[in-house]
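Please read the structure below before turning to the comments.
Numbering (the working numbering), first residue to last: 1 to 85.
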């Protein structure tokens with residue numbers, strides 16, 4: 001049983017180094033770059049040993065799938081299947 005009491009991550013990846021964090025952050029920023037500035041997005045990268053979780057909350061669930069696809073293309077292993085709602 002985990003003692004973690006935070007929000008459930010929408011994407012969890014196997015990435016444990018600072019370089020990984022920077023690459024994941026760059027992927028998320030690039031994906032959000034063309035989104036309207038008026039959209040309310042929250043993106044949190046949280047270190048979970050031995051990896052990182054990416055919490056995403058916003059008005060477009062398809063964005064989660066796009067980020068997962070980009071992370072997989074970059075060699076990371078996001079949670080398989082659809083993004084949680």
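For each residue, glycine too, the CB sits at the ideal point set by N, CA and C. On a predicted model such as this, the values are computed, not experimentally measured, just so you know.
Outcome for residue i when other beta-carbon atoms lying within 10 angstroms are tallied against a minimum of 16
i, result
"residue 1", "Bear in mind that a pLDDT of 47 at residue 1, under 50, signals an unreliable position, so the model cannot answer this."
"residue 60", "exposed"
"residue 20", "buried"
Which residues DSSP lists as bridging residue i, in chain order
i, result
"residue 104", "This structure does not reach residue 104, given that the chain is present from 1 up to 85, and the question cannot be answered."
"residue 71", "None, per the DSSP bridge assignment."
"residue 32", "Partner(s): none; residue 32 has no beta bridge."
"residue 47", "52"
Proximity below 9 angstroms, CB of residue i to CB of residue j
i, j, result
"residue 31", "residue 79", "no"
"residue 63", "residue 35", "yes"
"residue 58", "residue 69", "no"
"residue 28", "residue 45", "yes"
Near the ligand ADP: residue i beta-carbon under 8 angstroms from a heavy atom
i, result
"residue 67", "Annotation note on the ligand ADP: not contained in the displayed structure, which lists no ligands."
Tell me whether the stretch 22 to 34 and the stretch 50 to 63 touch, counting them as touching only if at least three CB pairs, one residue from each stretch, are closer than 8 angstroms. yes
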